[in-house]
Amino acid sequence: MFSLKARTHAVGVRNPKLKSFKTDHLYHIALDTAHNDLQEMFGDVKCVCFGGQPSRMERFTKLIREEFGLTPSNGEPPRNYAAGTDRYALYKAGPILAVSHGIGIPSLSVVFNEIVKLMYYAKCKDVTFFRIGTCGGVGLEPGTVVVTDKASILGKKVERPALANKELNAEILECVTETDEFKTVTGTTLCCDDFYEGQARLDGAFCDYEEEDKVRFLQFLKEKNICNIEMESLGFLAMCSSCKGAGLRGAVVCAILVDRLQGDYIINDIEKLHQWQARPQQLVLRYIKHKFGPQNGSL
Ligand SMILES: O=P(O)(O)O[C@@H]1C[C@H](O)[C@@H](CO)O1
Ligand SMILES: O=c1cc[nH]c(=O)[nH]1
Numbered sequence: 001m002f003s004l005k006a007r008t009h010a011v012g013v014r015n016p017k018l019k020s021f022k023t024d025h026l027y028h029i030a031l032d033t034a035h036n037d038l039q040e041m042f043g044d045v046k047c048v049c050f051g052g053q054p055s056r057m058e059r060f061t062k063l064i065r066e067e068f069g070l071t072p073s074n075g076e077p078p079r080n081y082a083a084g085t086d087r088y089a090l091y092k093a094g095p096i097l098a099v100s101h102g103i104g105i106p107s108l109s110v111v112f113n114e115i116v117k118l119m120y121y122a123k124c125k126d127v128t129f130f131r132i133g134t135c136g137g138v139g140l141e142p143g144t145v146v147v148t149d150k151a152s153i154l155g156k157k158v159e160r161p162a163l164a165n166k167e168l169n170a171e172i173l174e175c176v177t178e179t180d181e182f183k184t185v186t187g188t189t190l191c192c193d194d195f196y197e198g199q200a201r202l203d204g205a206f207c208d209y210e211e212e213d214k215v216r217f218l219q220f221l222k223e224k225n226i227c228n229i230e231m232e233s234l235g236f237l238a239m240c241s242s243c244k245g246a247g248l249r250g251a252v253v254c255a256i257l258v259d260r261l262q263g264d265y266i267i268n269d270i271e272k273l274h275q276w277q278a279r280p281q282q283l284v285l286r287y288i289k290h291k292f293g294p295q296n297g298s299l
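Mapping of the sequence shown onto full-length UniProt numbering: position 28 corresponds to residue 28, and the numbering continues sequentially without gaps.
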């Protein structure tokens, strides 16, 4: 198992102007530096797990509580610290934060900025960010988990490679076991700004191309070794890379819900979908246990 290296980098921001603000309002997560003692509330945070849906992040928080024996005796549900805005959900269990980011890079970017500032004001050190999400697959079975090694927009407008943290990815892949009932692979993720036309689906409200155009596009992705498609990895990894050396690193781990070479629709079987969505959580939870579990005296 990976070694525990001593790291002591405080989370930083690349904005000297913040120091001149009397109060900083983390508007979309309903916290600010005047009314909340952010260091007292969040100073112990070591991992931040992001995912699209608030309910998934609440479920993940409950899972962490169970795994680490952190469930309060009165059984009260996890507190949503961002409840005041209703934009995002922000839960905490021990040193783990679980944050919903909505759909797409703009929505992710807003909460990512405010979470980095939160970590900065809370004086957190060496924080690891994860996106635990879902995606479409390109020639891979639904339920497969993909650890992104590279995210890029391969469309015509812009190409902005965003590289994953190799060391962190290797540590996550070390958490895969032979007894896992799912396959975990690592590969390149196509990041799109849309779920329908942007991902060459034929079932959106608008569609000015034909099945063969879609198949050609997906085959092109396969030839480029793209193994999955989602909507946040590029922004997520680009922002994590911008924070490199500032006490923060990140990874994207997503479960495939549909093999796009086989179809567009995501099956309407809630139980199966929940099972698949839980797989990146299981993997990241295993990582968290190895890294911060009781044997290391950190939780
Ligand atoms: O984390 P989630 O499951 O929300 O990620 C994918 C990418 C988009 O946000 C969304 C599209 O259905 O699912
Ligand atoms: O096909 C899919 C499934 C989940 N999320 C996406 O962005 N695309």
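For glycine and all other residues, C-beta sits at the position ideal for the given N, C-alpha and C. Since we're looking at a predicted model, the values are computed, not measured.
Note the first and the last residue of the continuous beta strand (DSSP E) segment covering Ser100. Here the question's residue 100 lines up with position 100 in the sequence shown. It spans Ile96 to Ser100 - the beta strand (DSSP E) in which Ser100 sits, taken as one unbroken run.
Can Cys49 be considered in contact with ligand 2, in the sense that its beta carbon sits closer than 6 Å to one or more heavy atoms? Here residue 49 refers to the residue found at position 49 of the sequence shown. No, since every heavy atom of ligand 2 falls outside the 6 Å radius drawn around the Cβ of Cys49.
Between Arg131 and Lys22, what straight-line distance do the alpha-carbon atoms span, to the nearest angstrom? Taking the first residue of the sequence shown as 1, we reach residue 131 at position 131. Taking the first residue of the sequence shown as 1, we reach residue 22 at position 22. So the two alpha carbons sit approximately 32 Å from each other.
So, Gly139 versus Asn228, is the Cβ gap smaller than 7 Å? Taking the first residue of the sequence shown as 1, we reach residue 139 at position 139. Taking the first residue of the sequence shown as 1, we reach residue 228 at position 228. Against a cut-off of 7 Å, the Cβ pair of Asn228 and Gly139 comes out as no contact.
Are Pro77 and Asp44 close, meaning C-beta to C-beta below 7 Å? Residue numbering aside, residue 77 sits at position 77 when the sequence shown is read from its first letter. Residue numbering aside, residue 44 sits at position 44 when the sequence shown is read from its first letter. No, these two residues do not count as a Cβ contact at 7 Å.
In terms of residue numbering, what span does the alpha helix (DSSP H) encompassing Glu212 cover? What you label residue 212 is simply residue 212 of the sequence shown in a count that begins at 1. Element bounds for Glu212: Glu211 to Glu223.
Selection from Arg56, Thr148 and Tyr81 that minimises the alpha carbon distance to Leu237: For the purposes of this step, residue 237 is taken as the residue at position 237 of the sequence shown. For Leu237, the nearest C-alpha among the options comes from Thr148.
For Lys156, which of helix, strand or coil comes out of DSSP? Sequence index remark: in the sequence shown, residue 156 carries index 156 (1-based). Confidence is the limiting factor: at Lys156 the pLDDT is only 49, short of 50, which leaves the residue's position unreliable, though a coordinate-based value still follows. When DSSP states are grouped into helix, strand and coil, Lys156 belongs to the coil group.
Assuming Val258 and Ile266 are in contact, meaning their beta carbons sit under 8 Å apart, how far apart are those beta carbons, in whole angstroms? Here the question's residue 258 lines up with position 258 in the sequence shown. Here the question's residue 266 lines up with position 266 in the sequence shown. Indeed they touch by this definition, with Cβ atoms about 5 Å apart.
Would you identify the three-state DSSP class for Phe21, choosing helix, strand or coil? As a working note, residue 21 is residue 21 in the sequence shown. Three-state DSSP puts Phe21 in coil, outside helix and strand.
Below 6 Å, is the gap between the Cβ of Leu234 and the nearest heavy atom of ligand 2? As a first step, residue 234 must be located in the sequence shown, where it is residue number 234. False, no ligand heavy atom lies under 6 Å from that Cβ.
I need the straight-line Cα distance from Phe2 to Leu163, nearest angstrom please. Here residue 2 is taken as the residue at index 2 of the sequence shown, counted from 1. Here residue 163 is taken as the residue at index 163 of the sequence shown, counted from 1. Because the pLDDT at Phe2 is just 45, under 50, the model does not fix this residue reliably, and the value given afterwards should be weighed accordingly. Taking the straight line joining both Cα atoms gives about 21 Å.
Does the contact criterion of 3 or more C-beta pairs under 8 Å hold for the segment 167 to 181 versus the segment 193 to 201? no
Using a threshold of 6 Å, is the CB atom of Thr188 nearer than that to any non-hydrogen atom of ligand 2? Locating residue 188 in the sequence shown gives position 188, where the first residue counts as 1. The answer is no for Thr188.
Pull up the DSSP beta-bridge partners for Glu230, would you. Position 230 of the sequence shown, counting from 1, holds the residue named residue 230. Beta-bridge partners assigned by DSSP to Glu230: Cys191.
For Cys135 and Cys254, which I take to be in contact (beta-carbon distance under 8 Å), what is that distance rounded to the nearest angstrom? Here residue 135 is taken as the residue at index 135 of the sequence shown, counted from 1. Here residue 254 is taken as the residue at index 254 of the sequence shown, counted from 1. 4 Å between Cβ atoms; contact.
Cβ neighbours of Pro54 in the same chain (closer than 7 Å, five flanking residues each side left out): On the sequence shown, residue 54 is found 54 positions in, with the first residue counted as 1. Cβ within range, chain order: Ala89 and Ser100.
At a cut-off of 6 Å, would you count Glu230 as near ligand 1, judging by its Cβ distance to the nearest heavy atom? Counting from one through the sequence shown, the residue named residue 230 turns up at place 230. Correct: Glu230 has its Cβ closer than 6 Å to ligand 1.
Sub-7 Å separation of His25 and Glu114 beta-carbons: By one-based count along the sequence shown, residue 25 stands at place 25. By one-based count along the sequence shown, residue 114 stands at place 114. Not in contact: His25 and Glu114 (Cβ atoms no closer than 7 Å).
Expected contact under 8 Å - CB spacing of Val13 and Lys117 to nearest Å: For the purposes of this step, residue 13 is identified with residue 13 of the sequence shown, where counting begins at 1. For the purposes of this step, residue 117 is identified with residue 117 of the sequence shown, where counting begins at 1. In this structure, Val13 and Lys117 form a Cβ contact; the two beta carbons are roughly 6 Å apart against a cut-off of 8 Å.
For Phe2, which of helix, strand or coil comes out of DSSP? Numbered from 1 along the sequence shown, position 2 holds the residue referred to as residue 2. Summary for Phe2: the model assigns pLDDT 45, below 50, so the residue's position carries little reliability, and this model does not support an answer.
Spatial neighbours of Ser233 within its chain, please: C-beta separation below 6 Å, excluding the five flanking residues on both sides. The residue given as residue 233 occupies position 233 in the sequence shown. Excluding residues up to 5 positions away in sequence, Thr148, Ala151, Thr189, Cys191 and Val252 lie with their Cβ nearer than 6 Å to the Cβ of Ser233 in the same chain.
Start and end residues, alpha helix (DSSP H) containing Ala170: Here residue 170 refers to the residue found at position 170 of the sequence shown. Note, Ala170: alpha helix (DSSP H), Lys166 to Leu173.
Can you tell me which of Thr184, Val146, Val215 and Gln275 puts its alpha carbon nearest to the alpha carbon of Arg56? Translated into positions along the sequence shown, residue 56 becomes position 56. Per the Cα distances, Gln275.
Exposed or buried, what is Phe182 when buried is set at 16 or more other beta-carbons lying within 10 Å of its beta-carbon? Within the sequence shown, numbered from 1, the residue matching residue 182 stands at position 182. By the 10 Å Cβ count, Phe182 comes out buried.
Which residue marks the beginning of the beta strand (DSSP E) containing Arg14, and which one marks its end? Position 14 of the sequence shown, counted from the first residue, corresponds to residue 14. In the DSSP assignment, Arg14 falls outside any beta strand (DSSP E) and carries neither an H nor an E.
Span of the alpha helix (DSSP H) holding Lys46? One-based indexing of the sequence shown puts residue 46 at position 46. Neither: Lys46 is in no alpha helix (DSSP H) and is coded neither H nor E.
With H, G and I counted as helix, E and B as strand and the rest as coil, what does DSSP make of Cys243? In the sequence shown, counting from the first residue as 1, residue 243 sits at position 243. Assignment of Cys243 by DSSP, reduced to helix, strand and coil, places it in the coil class.
Closest to Cys207 by C-alpha separation, out of Glu197, Val215, Arg216 and Asp213, would be which residue? Numbered from its first residue, the sequence shown carries residue 207 at position 207. Among Glu197, Val215, Arg216 and Asp213, the Cα nearest to that of Cys207 belongs to Glu197.
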